[in-house]
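Asks:
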């Protein structure tokens with residue numbers, strides 16, 4: 077069976093927030109996890125409308141704080157803040173494909189076509205902190221520019237200690253099949269990412285020469301997947317109890333007004349594939365009361381409301 081250091085939880089915007097990470101930790105106390113990507117501008121500016129700017133990580137175990145931006149000095153400042161907040165390592169996002177990050181902001185996947193800026197940022201971040209620095213990137217900007225290995229080499233020269241590689245180009249976004257290349261003589265360890273859902277997928281990634289596998293969309297509605305892959309646990313007998321616990325964490329972190337609409341997507345993922353789940357989701361999407369939401373969850377999963 078795989079060990080904790082071979083399985084990673086991917087950074088996912090709007091998903092891998094502090095409440096969701098707390099649920100994962102119920103099943104996998106030691107698996108390496110990433111935060112959502114954090115804007116260096118928002119973090120350094122201490123923007124109050126973004127709660128994760130004020131997160132602490134001292135009690136979260138092995139967690140990497142992922143930052144994005146196109147200003148080397150701000151990225152270095154952000155890394156220092158996150159180090160002081162208790163992050164285990166700093167990850168630089170060099171693969172986010174969405175336009176507002178990759179094109180309009182010149183960050184994320186834009187680093188794959190501006191290696192000069194990427195190098196400047198990596199050197200600044202590595203110099204700024206005493207904890208490890210990693211990067212997360214893709215195969216390249218498009219099929220004509222699959223130059224991921226060049227970026228990995230630059231990262232190694234800058235003192236970056238490891239990388240995660242997603243098996244798609246920026247042009248692919250999240251469509252098509254993720255295909256990771258065989259690794260040979262990589263200067264730093266690389267974690268494989270993209271369409272990894274089960275033990276066989278993880279083993280295939282390791283067989284290609286990667287030091288680990290990163291789970292992304294497969295953890296949606298299934299936060300125990302890391303425990304299953306490492307042999308630490310199996311799926312819970314009553315998922316409803318986990319859903320209720322997750323809701324409590326969301327309410328504690330975001331407050332009722334924001335937590336309920338944000339939690340609807342998690343309810344959809346937890347209930348996917350179950351009998352009558354479509355009708356259940358329709359009802360949930362019309363609920364604005366915590367008591368009503370908890371009652372619907374208890375009825376759907378036949379569990380007791382004890383939290």
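In our numbering, the protein residues as written are 77 to 383. Ideal Cβ positions, reconstructed from N, Cα and C, are used throughout, including at glycine.
Please tell me whether, using a cut-off of 7 Å, the distance from the CB of residue 253 to the nearest non-hydrogen atom of the ligand FMN is below it.
Replies: The ligand FMN is not among the ligands present in this structure, which contains no ligands whatsoever.
Asks: Going by DSSP in three states, residue 209 sits in which element: helix, strand or coil?
Replies: strand
Asks: Hey, could you find the ends of the beta strand (DSSP E) residue 376 is sitting in?
Replies: Run containing residue 376: none in the beta strand (DSSP E); it sits in the alpha helix (DSSP H), 366 to 377.
Asks: Under the DSSP definition of a beta bridge, which residues are partnered with residue 115?
Replies: Paired residues: 144.
Asks: Can you say whether residue 209 is buried or exposed, counting buried as having 16 or more other CB atoms within 10 angstroms of its CB?
Replies: buried
Asks: With a threshold of 8 Å on Cβ separation, who are the neighbours of residue 259 within its own chain once the five nearest residues in sequence on each side are excluded?
Replies: Once the five neighbours on either side are set aside, the close Cβ partners of residue 259 are 266, 284, 285, 286.
Asks: Compute the Euclidean distance between the alpha carbons of residue 112 and residue 97, then round it to the nearest angstrom.
Replies: 10 Å
Asks: Which residue from 233, 131, 189, 333 puts its Cα closest to that of residue 110?
Replies: 131
Asks: Below 8 Å on the Cβ atoms is my guess for residue 318 versus residue 369; work out the distance and round it to an integer in Å.
Replies: Actually they are not in contact, since the Cβ atoms of residue 318 and residue 369 sit about 15 Å apart, beyond 8 Å.
Asks: In chain order, what residues of the same chain have a beta carbon less than 7 Å from the beta carbon of residue 218, not counting five sequence neighbours either side?
Replies: Result list for residue 218: 245, 246, 247, in chain order.
Asks: Check the C-beta distance from residue 305 over to residue 83 and give it rounded, since I have them as a contact under 8 Å.
Replies: 5 Å
Asks: When the distance is taken between beta carbons, is residue 155 closer than 8 Å to residue 114?
Replies: Between residue 114 and residue 155, the C-beta spacing is not below 8 Å.
Asks: Would you give the residue range spanned by the beta strand (DSSP E) that residue 165 belongs to?
Replies: 165 to 170
Asks: Tell me which residue opens and which closes the alpha helix (DSSP H) that residue 84 is part of.
Replies: Per DSSP, residue 84 belongs to no alpha helix (DSSP H); it is in the beta strand (DSSP E), 83 to 85.
Asks: What runs of the alpha helix (DSSP H), each 4 residues or longer, lie entirely inside the segment 224 to 280?
Replies: As far as the segment 224 to 280 is concerned, its whole alpha helix (DSSP H) runs of at least 4 residues are 224 to 234.
Asks: Taking Cβ positions, are residue 157 and residue 151 nearer each other than 8 Å?
Replies: With contacts defined as CB atoms closer than 8 Å, residue 157 and residue 151 fail to qualify as a contacting pair.
Asks: Report the CB separation of residue 188 from residue 214 in whole angstroms; it is logged as a contact under 8 Å.
Replies: 6 Å
Asks: Kindly indicate the opening and closing residues of the alpha helix (DSSP H) around residue 316.
Replies: 315 to 330
Asks: Taking the beta carbon of residue 54 as the centre, do at least 16 other beta carbons fall within 10 Å, making it buried, or is it exposed?
Replies: Since the displayed the chain opens at 77 and closes at 383, residue 54 lies outside it and no answer follows.
Asks: Where does the unbroken beta strand (DSSP E) through residue 290 begin, and where does it stop?
Replies: 288 to 291
Asks: If you compare alpha carbons, which of 298, 183, 140, 303 is closest to residue 147?
Replies: Checking every option, the nearest Cα to that of residue 147 belongs to 183.
Asks: Would you decide whether residue 378 is buried or exposed? Buried here means 16 or more other CB atoms lie within 10 Å of its CB.
Replies: When all chains shown are included, residue 378 counts as exposed.
Asks: Using 10 angstroms around the beta-carbon of residue 251, count the other beta-carbons present and answer buried if the total reaches 16, otherwise exposed.
Replies: exposed
Asks: For residue 299, count the other beta carbons within 10 Å of its own beta carbon; 16 or more makes it buried, fewer makes it exposed. Which is it?
Replies: buried
Asks: What number of angstroms, rounded off, separates the C-alpha of residue 134 from the C-alpha of residue 122?
Replies: 19 Å
Asks: Comparing C-alpha positions only, which one of 99, 307, 347 sits nearest to residue 274?
Replies: 307
Asks: Exposed or buried, residue 125, counting other C-beta atoms within 10 Å across all chains shown (16 or more means buried)?
Replies: exposed
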